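A.B. asks: So the protein lines, in turn, are chains A, B and C. Per this note's numbering, the very first residue in the first sequence carries number 27; after that it's consecutive. Per this note's numbering, the very first residue in the second sequence carries number 508; after that it's consecutive. Per this note's numbering, the very first residue in the third sequence carries number 146; after that it's consecutive. Ideal Cβ positions, reconstructed from N, Cα and C, are used throughout, including at glycine. No experiment lies behind these values; they were computed from the predicted model shown. Next up is a structure, given as structure tokens.
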Amino acid sequence: MDYFAQQLINGIVLGSIYGLIAIGYTMVYGIVGMINFAHGDIFMIGGFIALITFLILVSIGLTTVPLILLIVLLVSMAITSLYGWTVERIAYRPLRHSFRLAPMLSAIGMSFVLMNFSQVSQGARVKPIPPVITGGYSLLESNGFVVRLSNAQIVVVLTTVVLLAIFTWLVSRTRLGRDMRACEQDQTMAALLGVDVDRTISMTFLIGAALAAVAGMMYLLYYGLVDFYMGFIAGIKAFTAAVLGGIGSLPGAMLGGLLIGLIETMWSAYFSVEYKDVAAFSILIVVLIFLPTGLLGRPEVEKV
Amino acid sequence: MSDDTILTVDALSMRFGGVVAVNGLSFTAERRRITALIGPNGAGKTTVFNCITGFYKPTSGAIRLTHDDGRNFRLERLNDFRISKQAKVARTFQNIRLFPGMTALENLMVAQHNALMKASGFTFLGLIGAPSYRAAELHAIDQAKGWLDRIGLLERADDAAGNLPYGDQRRLEIARAMCTEPALLCLDEPAAGLNARESASLSELLLSIRSQGTSILLIEHDMSVVMEISDQIVVMDYGMKIAEGAPQAVRDDPKVVAAYLGADEEEAAAVMESGA
Amino acid sequence: MAVLTSDLTQASRREAIAFIFKKAFISALVALVLFSLMIGIRTEAGPTGQLIYWTRFDDLAIIVAVVFVGSIVVELLRQWWGPVGIATAVPPSVQRTLDFAGKAFPPLLLIFAFLVPVIFYDQRYLLDLSILVLTYVMLGWGLNVVVGLAGLLDLGYVAFYAVGAYSYALLSTNFGLSFWMCLPLAGILAACWGVMLGFPVLRLRGDYLAIVTLAFGEIIRLVIINWQSLTGGPNGVSGIPRPSFFGIPFTRGDDGFAARLGIEYSPTHRIVFLFYVILALALLTNWVTIRLRRLPIGRAWEALREDEVACRALGINITTTKLTAFATGAMFGGIAGAFFATRQGFISPESFTFQESALVLAIVVLGGMGSQLGVALAAIALIGGFELFRGFDQYRMLVFGMAMVLLMIWRPRGLISHRAPTVFLKQNTAISAELAREGRG
Numbered sequence: 027m028d029y030f031a032q033q034l035i036n037g038i039v040l041g042s043i044y045g046l047i048a049i050g051y052t053m054v055y056g057i058v059g060m061i062n063f064a065h066g067d068i069f070m071i072g073g074f075i076a077l078i079t080f081l082i083l084v085s086i087g088l089t090t091v092p093l094i095l096l097i098v099l100l101v102s103m104a105i106t107s108l109y110g111w112t113v114e115r116i117a118y119r120p121l122r123h124s125f126r127l128a129p130m131l132s133a134i135g136m137s138f139v140l141m142n143f144s145q146v147s148q149g150a151r152v153k154p155i156p157p158v159i160t161g162g163y164s165l166l167e168s169n170g171f172v173v174r175l176s177n178a179q180i181v182v183v184l185t186t187v188v189l190l191a192i193f194t195w196l197v198s199r200t201r202l203g204r205d206m207r208a209c210e211q212d213q214t215m216a217a218l219l220g221v222d223v224d225r226t227i228s229m230t231f232l233i234g235a236a237l238a239a240v241a242g243m244m245y246l247l248y249y250g251l252v253d254f255y256m257g258f259i260a261g262i263k264a265f266t267a268a269v270l271g272g273i274g275s276l277p278g279a280m281l282g283g284l285l286i287g288l289i290e291t292m293w294s295a296y297f298s299v300e301y302k303d304v305a306a307f308s309i310l311i312v313v314l315i316f317l318p319t320g321l322l323g324r325p326e327v328e329k330v
Numbered sequence: 508m509s510d511d512t513i514l515t516v517d518a519l520s521m522r523f524g525g526v527v528a529v530n531g532l533s534f535t536a537e538r539r540r541i542t543a544l545i546g547p548n549g550a551g552k553t554t555v556f557n558c559i560t561g562f563y564k565p566t567s568g569a570i571r572l573t574h575d576d577g578r579n580f581r582l583e584r585l586n587d588f589r590i591s592k593q594a595k596v597a598r599t600f601q602n603i604r605l606f607p608g609m610t611a612l613e614n615l616m617v618a619q620h621n622a623l624m625k626a627s628g629f630t631f632l633g634l635i636g637a638p639s640y641r642a643a644e645l646h647a648i649d650q651a652k653g654w655l656d657r658i659g660l661l662e663r664a665d666d667a668a669g670n671l672p673y674g675d676q677r678r679l680e681i682a683r684a685m686c687t688e689p690a691l692l693c694l695d696e697p698a699a700g701l702n703a704r705e706s707a708s709l710s711e712l713l714l715s716i717r718s719q720g721t722s723i724l725l726i727e728h729d730m731s732v733v734m735e736i737s738d739q740i741v742v743m744d745y746g747m748k749i750a751e752g753a754p755q756a757v758r759d760d761p762k763v764v765a766a767y768l769g770a771d772e773e774e775a776a777a778v779m780e781s782g783a
Numbered sequence: 146m147a148v149l150t151s152d153l154t155q156a157s158r159r160e161a162i163a164f165i166f167k168k169a170f171i172s173a174l175v176a177l178v179l180f181s182l183m184i185g186i187r188t189e190a191g192p193t194g195q196l197i198y199w200t201r202f203d204d205l206a207i208i209v210a211v212v213f214v215g216s217i218v219v220e221l222l223r224q225w226w227g228p229v230g231i232a233t234a235v236p237p238s239v240q241r242t243l244d245f246a247g248k249a250f251p252p253l254l255l256i257f258a259f260l261v262p263v264i265f266y267d268q269r270y271l272l273d274l275s276i277l278v279l280t281y282v283m284l285g286w287g288l289n290v291v292v293g294l295a296g297l298l299d300l301g302y303v304a305f306y307a308v309g310a311y312s313y314a315l316l317s318t319n320f321g322l323s324f325w326m327c328l329p330l331a332g333i334l335a336a337c338w339g340v341m342l343g344f345p346v347l348r349l350r351g352d353y354l355a356i357v358t359l360a361f362g363e364i365i366r367l368v369i370i371n372w373q374s375l376t377g378g379p380n381g382v383s384g385i386p387r388p389s390f391f392g393i394p395f396t397r398g399d400d401g402f403a404a405r406l407g408i409e410y411s412p413t414h415r416i417v418f419l420f421y422v423i424l425a426l427a428l429l430t431n432w433v434t435i436r437l438r439r440l441p442i443g444r445a446w447e448a449l450r451e452d453e454v455a456c457r458a459l460g461i462n463i464t465t466t467k468l469t470a471f472a473t474g475a476m477f478g479g480i481a482g483a484f485f486a487t488r489q490g491f492i493s494p495e496s497f498t499f500q501e502s503a504l505v506l507a508i509v510v511l512g513g514m515g516s517q518l519g520v521a522l523a524a525i526a527l528i529g530g531f532e533l534f535r536g537f538d539q540y541r542m543l544v545f546g547m548a549m550v551l552l553m554i555w556r557p558r559g560l561i562s563h564r565a566p567t568v569f570l571k572q573n574t575a576i577s578a579e580l581a582r583e584g585r586g
């Protein structure tokens, strides 16, 4: 039971990270109808920028941890969102009304570019950092097994919740959110009614990348390392999360993220660590076969 | 139900969530006759078509089809492609669905897929170039040529279907459906978007298809076409049948006029006009 | 009047220049922000495990300057070329040349392919490279059946390549089966996997199918890595038998190929033999594909790509049609995999990553969906281009990724974007790809 409780905590923390990435997939899919293949790599870039910012801040002698975290968060979000914007501008916008496979391949190409850009510019080796947030609480103790809730875990979950609240407000209450929903329904009609479609799509990529940056930073804090390859697998899993929750649905993406995080953690804990990725991918396949619209997605009626 | 009935729709209902698109509809279509299904926009006509041709599974009700040789099919129980393959029901679409990147001839060849598949020994005989398959293919090309000639597109056989003018595409889609050698041909608004001359040639084509023994079920808004060629008319409104009978009788039915008046003035005017 | 016009043009020119500089300035600014930390700062784990960093502001400055100048050049080129849409970005002369190439080129290319071992007999490197190119030509042709003809987006094609390679490797090392015995077996096994994997997922459409096939590819790779007792895990399988000339090995001994023929032994014999084997396999793939396209099954594949709903209405069984396309493509992938295993003599999961799938897909899409010649040309261009960057190994994928993006923007429909009809009455006119649909499945 205690072991299970510990895994539950770990799963929720991992799931928060997946959920943040999944939102980016779901938003872009909702509006432009394409899988943004490079999104996992945007998450990786976010992790790298967080790492570098953190290093600089520490080396100039900053010691207040909350202040460091805040600055790292803001810098990482700002720069990474510009990456998201640039990717859309260079690789997707020229192909928006093209043949369907073209943006897909362009996205795969962009994913390679980002992955190898960070490999070339920062080296192929794993980059570890010392734990930034230390300490934590012991929740239960029995049979010599201690269920721990670390401060890092609390920070990850709290940050996720706060950002989700801001993000939900943005999408449901602001002009931008309304434009986004309008573009999702019908781009041509939205444009006729005065919505700047290009700008709205750019903003979607910007926001998605900013959330991925947060995920990247959380990953860095929680696991204490980044490497250039981490975006690929995390990206597929986050996409699985988005599909599981119902692609296009924002709460669905978060729910899917949590479920994938929990499933992966439980699988590693009770079955085998080696096959945890196989488990995640199998879930993707099973969900798509039996529940193609996901948990919270809208059913798609075929028009004949 | 007489021997001359090819299609019997019995208490057909179709619900999408809370919306009842078709509500307990029953009608029959006679063999070697043209039956028209009319009604205001949103009356549920296309939904009925989609149930008959297997694209929707009806919520309840039965759809029976009887072939010349007495074989019976329950269409609501068949999988979509089997309705065309076994029950021999072919259809066209409201928004034309040709294979735009393939030539007119290729479109008609694809329609003969099942016959050719068998002749090609499920690809293996065809792969080694067996003479029996060659003969079958030549026969298929001949049949396609015959249809292209009938719809006046023989000259454009090697042009991409997507490059043909709209009216030609409509007729090509009908020819393609006919290449599956159907017992029942279902046409979803074949005259939509056609000019008067094209409509007239369409009527002619449909009458010639009827005279060769194929039964036709037709959804149409163009009342001049409906009144001219239909043998029997079923009128729907709000998913239910409100009238049925010969063109003359339906035209004079006050319920029909009211339905069209209540729904759409233009269509009502069209009904009145063609009745005058 | 003349003065006025020149004044006007001068004013508009000044405006244009201002626009170009403004654009270049913004691009440079964006580049500065993007690269400030990623290039300006370099991190590395220090000797004590502690992370250290140093600055590289000179590199950063160079790159920002390059972006600034590059932006000006691109903008000038664009204005010089006039306002070009994406579709017309190819000058008509290039288009005509390509069209001409479509007719006269294939026979010449084929003759050249047959002569490669004669011309380059002494250049081992070029022979190896041509074998590699032909392997990708074959993979491209195999995947073309799935993506180009049937319109099913498969991102996990490498899985079947892996199945074929491991089938041969395991069958030959464990049971001593010969290469020629294993070749069809590898094809059949891969096709079976294709059906097994395809059956549940083929009702999915478009991007979903793509992501599921990607997941399958990764699952197969992960299983190969983790099932150590069977596959040797990350260490792979080594000591895979090299091919023999129908029983006569290419060895130095008395039983060897050279001794039997009474010629001097040379390791090149085997390479030349391998070259002709893969050439024959690739041509077989091509022949079967061209044949299939003209049969009802091939027409059904293309019809499926054009309109799935219409296919159903015509009584075509969608599931079996998709499955046959998937299985056919998988079979060719499996055969190519077996060839790969015998050529290398050693295989490991590293050869079967997602990047391989993406490379083969890029070959198919760049070639022009469904065009056999286009796929061959794209394979030559991409694999050849890849080799050019052999010296700068770490920049290879970077350049490959950029090339993919640029090529898609330049020619989203691929090099040869025409579709030849499979049957015709009077004349065989190519159909522009603008009309052909790309499929939803």
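Taking one C-beta from the segment 514 to 526 of chain B and one from the segment 551 to 565 of chain B each time, how about it: are there three or more such pairs within less than 8 Å?
C.D. replies: Yes, the segment 514 to 526 of chain B touches the segment 551 to 565 of chain B.
A.B. asks: Given that C/K467 touches chain B, what residues does it touch there, using C-beta distances under 9 Å?
C.D. replies: The sequence position of residue 467 of chain C within the third sequence is 322, counting from 1. What C/K467 touches in chain B: nothing, since even the nearest Cβ is about 12 Å away.
A.B. asks: Measuring alpha carbon to alpha carbon, tell me which residue in C/F344, C/L179, C/I508 and C/L367 is nearest A/V113.
C.D. replies: Taking the first sequence and counting its residues from 1, the one referred to as residue 113 of chain A is at position 87. Comparing Cα positions, the closest option is C/L179.
A.B. asks: Does the segment 162 to 177 of chain C come close enough to the segment 37 to 54 of chain A that 3 or more CB-CB pairs lie under 8 Å?
C.D. replies: Touching, no, given that fewer than three Cβ pairs across the two stretches are closer than 8 Å.
A.B. asks: What in chain C is Cβ-close to B/E613, meaning under 9 Å?
C.D. replies: What you label residue 613 of chain B is simply residue 106 of the second sequence in a count that begins at 1. Neighbours of B/E613 on chain C, chain order: R444, E447, A448, P566, T567, V568 and F569.
A.B. asks: I want to verify the contact list: residues of chain C whose CB lies under 7 Å from the CB of A/A128, in sequence order.
C.D. replies: One-based indexing of the first sequence puts residue 128 of chain A at position 102. Ordered by position in chain C, the residues that pass the 7 Å Cβ test against A/A128 are M553 and P557.
A.B. asks: Relative to chain B, which residues along the segment 453 to 466 of chain C have a C-beta separation below 8 Å, given in chain order?
C.D. replies: Under the 8 Å Cβ criterion, the segment 453 to 466 of chain C contributes V454, A455, C456, R457, A458, L459, G460, I461, N462 and I463.
A.B. asks: Identify, in the order they occur along the chain, each residue of the same chain with its Cβ nearer than 8 Å to the Cβ of A/I289, setting aside the five sequence neighbours on each side.
C.D. replies: Locating residue 289 of chain A in the first sequence gives position 263, where the first residue counts as 1. So the list reads G37, A305, A306 and I309, once near-sequence residues are dropped.
A.B. asks: Taking the alpha carbon of C/A210 as the reference point, which residue from C/R223, C/P386, C/L255 and C/V175 has its own alpha carbon closest?
C.D. replies: As a working mapping, residue 210 of chain C is identified with position 65 in the third sequence. That would be C/V175, whose Cα lies nearest to the Cα of C/A210.
A.B. asks: For the ligand COA, I want to know if C/A156 counts as a neighbour, meaning its beta carbon is within less than 8 Å of at least one of the ligand's heavy atoms.
C.D. replies: What this structure holds is no ligand at all, so the ligand COA is not there to describe.
A.B. asks: Please decide whether C/T376 counts as near chain A, where near means a Cβ-Cβ distance under 9 Å.
C.D. replies: As a position in the third sequence, residue 376 of chain C is number 231, starting the count at 1. No, C/T376 lies away from the interface with chain A (no Cβ there is under 9 Å from its Cβ).
A.B. asks: Where does C/M630 land, buried or exposed, given buried means 16+ other C-beta within 10 angstroms?
C.D. replies: It is not possible to answer for residue 630 of chain C, since the shown part of chain C is limited to 146 through 586.
A.B. asks: Apply the 10 Å Cβ neighbour rule to B/D695 and answer buried if 16 or more other Cβ atoms are within range, or exposed otherwise.
C.D. replies: Taking the second sequence and counting its residues from 1, the one referred to as residue 695 of chain B is at position 188. Per the 10 Å Cβ criterion, buried.
A.B. asks: What does C/P441 touch in chain B if you count any residue whose Cβ is under 7 Å from its own?
C.D. replies: What you label residue 441 of chain C is simply residue 296 of the third sequence in a count that begins at 1. Near C/P441 (Cβ distances below 7 Å), the residues of chain B are H620, L623, M624 and S627.
A.B. asks: Alpha carbon to alpha carbon, what distance is there between B/I716 and B/L701?
C.D. replies: The count along the second sequence starts at 1 and reaches residue 701 of chain B at position 194. The count along the second sequence starts at 1 and reaches residue 716 of chain B at position 209. In a straight line, the C-alpha of B/L701 is about 19 Å away from that of B/I716.
A.B. asks: Quickly, what does DSSP pair C/W199 with across the bridge? List them, please.
C.D. replies: In the third sequence, the residue the question calls residue 199 of chain C occupies position 54. In DSSP, C/W199 forms a bridge with C/R187.
A.B. asks: Using 9 Å as the limit for Cβ to Cβ distance, is B/K552 near chain C?
C.D. replies: For the purposes of this step, residue 552 of chain B is taken as residue 45 along the second sequence, with counting starting at 1. Taking Cβ atoms only, chain C never reaches closer than 9 Å to B/K552, which makes this a no.
A.B. asks: Closest to A/V152 by C-alpha separation, out of C/F305, C/G191, C/A310 and C/R439, would be which residue?
C.D. replies: Position 126 of the first sequence, counted from the first residue, corresponds to residue 152 of chain A. Looking at the Cα atoms, C/G191 is the closest of the given residues.
A.B. asks: DSSP on C/Q268, reduced to helix/strand/coil?
C.D. replies: As a first step, residue 268 of chain C must be located in the third sequence, where it is residue number 123. Coil at C/Q268, not helix or strand.
A.B. asks: I believe A/G110 touches A/I68 by the beta-carbon criterion, under 8 Å. Please report the beta-carbon distance rounded to the nearest angstrom.
C.D. replies: On the first sequence, residue 110 of chain A is found 84 positions in, with the first residue counted as 1. On the first sequence, residue 68 of chain A is found 42 positions in, with the first residue counted as 1. Going by Cβ atoms, the distance from A/G110 to A/I68 rounds to 6 Å, so yes, they are a contact pair.
A.B. asks: Taking C/R564 as the reference, which of B/D665, B/S639, B/D656 and B/F556 has the closest Cα?
C.D. replies: Indexing the third sequence from 1 puts residue 564 of chain C at position 419. For the residues B/D665, B/S639, B/D656 and B/F556, the minimum Cα distance to C/R564 belongs to B/D665.
A.B. asks: Taking all protein chains shown into account, do 16 or more other C-beta atoms lie within 10 angstroms of the C-beta of B/F808, making it buried, or fewer, making it exposed?
C.D. replies: Only positions 508 to 783 of chain B appear in this structure, which leaves residue 808 of chain B out of reach.
A.B. asks: Starting from A/P154, find everything on chain C with Cβ-Cβ shorter than 8 Å and list it in chain order.
C.D. replies: The count along the first sequence starts at 1 and reaches residue 154 of chain A at position 128. Going along chain C in sequence order, the residues near A/P154 (Cβ under 8 Å) are A190, G194 and L196.
A.B. asks: Can you tell me whether A/H65 is buried or exposed? The criterion is at least 16 other CB atoms within 10 Å of its CB, across all chains shown.
C.D. replies: For the purposes of this step, residue 65 of chain A is identified with residue 39 of the first sequence, where counting begins at 1. With 16 or more Cβ atoms within 10 Å of its Cβ, A/H65 is classed as buried.
A.B. asks: Cβ of C/P566 within 9 Å of Cβ of B/M609?
C.D. replies: Start at 1 with the first residue of the third sequence, and residue 566 of chain C comes out as number 421. Start at 1 with the first residue of the second sequence, and residue 609 of chain B comes out as number 102. Yes, the pair counts as a contact, with Cβ atoms nearer than the cut-off.
A.B. asks: Taking the CB atoms as reference points, tell me whether A/G271 and A/A279 lie closer together than 9 Å.
C.D. replies: Numbered from 1 along the first sequence, position 245 holds the residue referred to as residue 271 of chain A. Numbered from 1 along the first sequence, position 253 holds the residue referred to as residue 279 of chain A. Contact flag set, yes.
A.B. asks: From the DSSP output, which residues share a beta bridge with B/H646?
C.D. replies: For the purposes of this step, residue 646 of chain B is taken as the residue at position 139 of the second sequence. DSSP lists no partner for B/H646.
A.B. asks: Nearest by alpha-carbon distance to A/P92: which of A/G282, A/T266 and A/V182 is it?
C.D. replies: Along the first sequence, one-based indexing puts residue 92 of chain A at 66. Checking every option, the nearest Cα to that of A/P92 belongs to A/V182.
A.B. asks: Taking C-beta to C-beta, are B/G636 and B/A626 nearer than 9 Å?
C.D. replies: As a position in the second sequence, residue 636 of chain B is number 129, starting the count at 1. As a position in the second sequence, residue 626 of chain B is number 119, starting the count at 1. For B/G636 and B/A626, no; Cβs fall outside 9 Å.
A.B. asks: Let's test the definition: count the other Cβ atoms within 10 Å of the Cβ of C/P412 and tell me whether it reaches 16, buried, or not, exposed.
C.D. replies: Residue numbering aside, residue 412 of chain C sits at position 267 when the third sequence is read from its first letter. The residue in question, C/P412, is exposed, as its Cβ has fewer than 16 Cβ neighbours within 10 Å.
A.B. asks: Determine which residues of the segment 150 to 182 of chain A have a Cβ less than 9 Å from any Cβ of chain C, and write them out in chain order.
C.D. replies: Cβ contacts with chain C come from A150, R151, V152, K153, P154, I155 and P156.
A.B. asks: Alpha carbons only, please: which of A/R225, A/A208 and A/I227 is nearest the one belonging to A/L219?
C.D. replies: Working through the first sequence from its first residue, we reach residue 219 of chain A at position 193. Residue A/A208 is the option with its Cα nearest to A/L219.
A.B. asks: Which residues share a DSSP beta bridge with B/D695?
C.D. replies: Along the second sequence, one-based indexing puts residue 695 of chain B at 188. For B/D695, which the question treats as bridged, DSSP gives the partners B/I726.
A.B. asks: Could you check where the beta strand (DSSP E) with A/Y163 kicks off and where it finishes?
C.D. replies: Start at 1 with the first residue of the first sequence, and residue 163 of chain A comes out as number 137. A/Y163 -> beta strand (DSSP E) spans G162 to S168.
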